[in-house]
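For reference, the structure is listed below as structure tokens.
Residue numbers (the numbering used here): 50 to 245.
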């Protein structure tokens, strides 16, 4: 399913996608291909807790002045894939205002398992907060990542697992962080490959 971004609006033919101004909400499992730019907007994944959702970024630029550019509220697993030879940018303008009960504090913020992959480039600019946060597992298998963050670059509550990819991270705190205060068996970092 294609989602085309037009600066201050967006278009998608699927009933699984709700568009309200510059807020795009994905409500069902499937593969969604995003193109174009979104100025001061966000993409929200609010599917069922058994749904697997893939977001393919194909030359996408999304900026949110006051929240996450991409926010995964509910899903089983979300895969964020950069299309081959694409150049994508996600940014926050410097503040995070509450939109629900969750403390969103990253440009790419996920309450579910999050996997980053693909053959393109993803640039993340976090003037405040973190670059990427998963409150479950954060897995990265491929892709090129350029992350500038006021706080942590990559953060996973249960784990951060990196199998490959090329990373340039400039962060105010940890470049990569895994921490779980509730379960001693979680909160671990596993690196099997990649260039840092």
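Think of the CB as a built atom: it goes at the ideal place given N, C-alpha and C, for glycine as much as any other residue.
query	result
Buried versus exposed call for residue 141 [16 or more other C-beta atoms within 10 Å across all chains shown]	buried
DSSP bridge partner residues for residue 23 (one or two, in chain order)	With the chain represented from 50 up to 245, any question about residue 23 goes unanswered, as that position is not in the structure.
Inter-residue spacing [alpha-carbon to alpha-carbon] between residue 197 and residue 217	8 Å
Assumed close pair residue 183, residue 159 - CB separation to whole angstroms, cut-off 8 Å	5 Å
For residue 203 and residue 171, the rounded distance between their alpha carbons	13 Å
DSSP three-state assignment for residue 137, whether helix, strand or coil	strand
Anticipated Cβ contact below 8 Å, residue 52 with residue 81, distance rounded	6 Å
Distance between residue 62 and residue 209 (C-alpha atoms, nearest Å)	35 Å
Whole-angstrom distance between residue 125 and residue 179, CA atom to CA atom	22 Å
Boundaries (first-last residue) of the beta strand (DSSP E) holding residue 197	193 to 198
Alpha-carbon to alpha-carbon, residue 187 and residue 114	24 Å
Beta-bridge partners of residue 227, as assigned by DSSP	205
Residue 215 classed as buried or exposed, judged by whether at least 16 other C-beta atoms fall within 10 angstroms	exposed
Minimum C-alpha distance to residue 77 - residue among 151, 96, 86	96
Assigned exposure category for residue 150 - 16 Cβ within 10 Å defines buried	exposed
Close Cβ partners of residue 137 (< 6 Å) along its chain, the five nearest in sequence each way excluded	106, 109, 131, 171
Proximal residues to residue 71 (C-beta, below 8 Å), its chain only, five neighbours per side dropped	57, 58, 59, 87, 88, 89, 90, 91
Helix, strand or coil at residue 126 [DSSP, three-state]	strand
Assigned secondary structure, residue 148 (DSSP; H/G/I helix, E/B strand, else coil)	coil
Local conformation of residue 180 per DSSP, three classes	strand
Rounded distance between the beta-carbons of residue 177 and residue 199, thought under 8 Å	5 Å
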